[in-house]
Amino acid sequence: MSADPRLRSDEELLRATAGGDEGAFLEIYRRYRERVYRFAYRMTGSADAARDVTHTCFASLLEAPFRYDGRRAGLGTYLCAAARNQSLRHASRAWRERPAGTSADLRPAKGPGPLERVLEDERAWIVRKALSNLAPLHREVLILAEYEELDLATIAEIVGAEVGAVKVRLHRARRKLRSALEVHVRSGALAVE
Amino acid sequence: MKADLNPGGGDGPKREDLRSFLRHWVVPGPPPEIEEGLRRTFRRRRANGRPALWIPLATAAALALLAVWRIGMKDRPVAPAPAERTVAVATPAPPAPAAVEPAPPPSAPAPGRPYAAVSAARPSRRPTPAPPEAEIVVEPGQAQGLAELGRRLRDVLQGVPGTTVPRVETLSAAAATSPIPAVGATDVPVYGAEWEAVAGEWPFVQQSVPTSGR
Numbered sequence: 014m015s016a017d018p019r020l021r022s023d024e025e026l027l028r029a030t031a032g033g034d035e036g037a038f039l040e041i042y043r044r045y046r047e048r049v050y051r052f053a054y055r056m057t058g059s060a061d062a063a064r065d066v067t068h069t070c071f072a073s074l075l076e077a078p079f080r081y082d083g084r085r086a087g088l089g090t091y092l093c094a095a096a097r098n099q100s101l102r103h104a105s106r107a108w109r110e111r112p113a114g115t116s117a118d119l120r121p122a123k124g125p126g127p128l129e130r131v132l133e134d135e136r137a138w139i140v141r142k143a144l145s146n147l148a149p150l151h152r153e154v155l156i157l158a159e160y161e162e163l164d165l166a167t168i169a170e171i172v173g174a175e176v177g178a179v180k181v182r183l184h185r186a187r188r189k190l191r192s193a194l195e196v197h198v199r200s201g202a203l204a205v206e
Numbered sequence: 192m193k194a195d196l197n198p199g200g201g202d203g204p205k206r207e208d209l210r211s212f213l214r215h216w217v218v219p220g221p222p223p224e225i226e227e228g229l230r231r232t233f234r235r236r237r238a239n240g241r242p243a244l245w246i247p248l249a250t251a252a253a254l255a256l257l258a259v260w261r262i263g264m265k266d267r268p269v270a271p272a273p274a275e276r277t278v279a280v281a282t283p284a285p286p287a288p289a290a291v292e293p294a295p296p297p298s299a300p301a302p303g304r305p306y307a308a309v310s311a312a313r314p315s316r317r318p319t320p321a322p323p324e325a326e327i328v329v330e331p332g333q334a335q336g337l338a339e340l341g342r343r344l345r346d347v348l349q350g351v352p353g354t355t356v357p358r359v360e361t362l363s364a365a366a367a368t369s370p371i372p373a374v375g376a377t378d379v380p381v382y383g384a385e386w387e388a389v390a391g392e393w394p395f396v397q398q399s400v401p402t403s404g405r
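These protein sequences, in sequence, are chains A and B.
This note's numbering numbers the first residue of the first sequence as 14 and each following residue consecutively.
This note's numbering numbers the first residue of the second sequence as 192 and each following residue consecutively.
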């Protein structure tokens, strides 16, 4: 076993984590934090929720490490699946508790800045709004396919569905997103680069 | 992606255009407080797990102390038991009530007496009495023959070392009370009267009832 945590495999790091090696645990976090946080952010549309989801996912490796089975999927896939479940749970809770109007995170950033920055913020807000209006089952496969660039088998493993079902969901998600963005393309808010 | 993601049609931008639109939403990296929170969680769990390691260690230490104490108690000199008590218990015949010292209850040792001495002074198990000699009762005529056979057998086996020959005694029929009751040939058995009452009857035989008319 190598002394440098960056050269160790996920299984070795998990074993070292179970043995009380804090460096091994933090190496696992550093390997997968970007993917888990980005996915949770795009699923929930909230930085606070993404922070909670990310913390919960990695803490689950400490609370219940037996849930991860390395023979079924990789550690990144397992963490994404955990983030997906936590995000859906958070989304259902936020849907019940949300006040009238949109979430603060969905509003475009305000404040002084260059014109291009303002335009970019507006484009980002349009995309976020269109994504958040998708059904969660469509949103998750679209995020995993387009942003995380995962293959269909891995997406199916994460969302717990067959590959064929993932294909169908992805097709419908794309069609709905195109319909939602069509108005903004015609108005000139979104332009093909 | 190997899925058919470009179905065509006029329902919006193409797949590549869609991707470029999606790239407008750039998500920042995870804030550093997540790592700090996880670090605290890890240390808290590790600190909570430490007492669990002390439990088996403390148990093992307690067991070791108990074993040492038991060994020390075994090595202590045991006080001799009172002679009169041992004699009184070992004697098969019940001793006189005045000579017997009242025994203390087993669960309450006498104050000031060590536990090992009390255990040693406890009465030993009562010896099992030897089984009585087997007695063979035979008819008077057969007894003579058996006695003769025993004498010949004794003469044969006397030369063999390490063998014991049963002792044969012949008693007269009048000297010992025979366990076999003398029954006369003309005596009526006890059950005779009952048998005579039912002698002419057949025993009850259960016959099957025909179920059909054929």
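Each residue gets a CB set at the ideal place from its N, CA and C atoms; glycine is no exception.
Rounded C-alpha distance that separates residue i from residue j
i	j	result
A/A137	A/T30	38 Å
A/G87	B/N239	29 Å
B/R342	B/V329	17 Å
B/P219	A/A53	12 Å
B/D346	B/L340	10 Å
A/N98	B/V259	57 Å
A/H184	A/E161	17 Å
B/A249	B/A255	10 Å
A/R64	B/I225	7 Å
A/V179	A/G173	9 Å
A/M56	B/I246	45 Å
A/I168	A/L157	7 Å
B/F252	B/R267	The displayed chain sequence assigns Ala, not Phe, to residue 252 of chain B. Rounded to whole angstroms, B/A252 to B/R267 spans 23 Å at the Cα level.
A/I171	A/N146	21 Å
B/M192	A/L132	Because B/M192 sits at a pLDDT of 42, beneath the cut-off of 50, its placement in the model cannot be relied upon, and the point is left open.
A/G32	A/P78	12 Å
B/L257	A/R28	37 Å
A/R43	B/L229	11 Å
A/R199	A/V154	26 Å
B/R234	A/E35	8 Å
B/T232	A/A72	7 Å
A/R80	A/A186	31 Å
B/A206	A/D17	The question names Ala, yet the displayed sequence has Arg at residue 206 of chain B. The alpha-carbon atoms of B/R206 and A/D17 are separated by roughly 42 Å.
B/G332	B/S399	57 Å
B/Q349	B/K265	52 Å
A/R85	A/R130	44 Å
Nearest neighbour of residue i, chosen from the options [CA to CA]
i	options	result
B/W216	A/L101, A/R187, A/D134	A/D134
A/L26	A/D17, A/R19, A/A37	A/A37
A/R141	A/R51, A/E35, A/D34	A/R51
A/R19	A/R106, A/E40, A/L74	A/E40
A/L92	A/A104, A/H68, A/L132	A/H68
A/S22	A/G89, A/V49, A/D65	A/G89
A/V66	A/L101, A/L144, A/I168	A/L101
A/D82	A/E24, A/R130, A/A104, A/R106	A/E24
A/R106	A/I156, A/D17, A/A148, A/A62	A/A62
A/R188	A/G177, A/L163, A/A148, A/E175	A/A148
B/R214	A/S192, A/A104, A/E159, A/A186	A/E159
B/F212	A/H103, A/L144, A/L163	A/L144
A/A104	A/L150, A/E129, A/R130	A/L150
Sequence-distant residues of its chain with Cβ nearer than 6 Å to residue i (five each side left out)
i	result
A/P127	none
B/G263	none
A/S192	none
Cβ separation of residue i and residue j, assumed to be a contact under 8 Å, to the nearest whole Å
i	j	result
A/L203	A/H197	4 Å
A/V176	A/A166	6 Å
A/L75	B/R236	5 Å
B/P221	A/R46	5 Å
Own chain, CB closer than 7 Å to residue i, minus 5 neighbours either side, in chain order
i	result
A/V49	T67, C70, L92, C93, A96
B/E227	none
A/L163	L157
beta-carbon residue i near the ligand MN non-hydrogen atom, thresh 8 Å
i	result
A/A104	As for the ligand MN, it is missing from this structure, which has no ligand bound.
Same chain, Cβ closer than 8 Å to residue i, neighbours up to 5 away in sequence not counted
i	result
A/I139	L194, H197, A202, L203
B/T402	none
B/G336	none
Can you give, in chain order, each stretch of the beta strand (DSSP E) that sits fully within the stretch 173-202 of chain A and has at least 3 residues? Taking only runs of at least 3 residues, no beta strand (DSSP E) segment lies wholly in the stretch 173-202 of chain A.
Could you tell me which uninterrupted beta strand (DSSP E) segments, each at least 3 residues in length, are contained entirely in the stretch 54-93 of chain A, listed from first to last along the chain? Complete beta strand (DSSP E) runs here, min 3: none at all.
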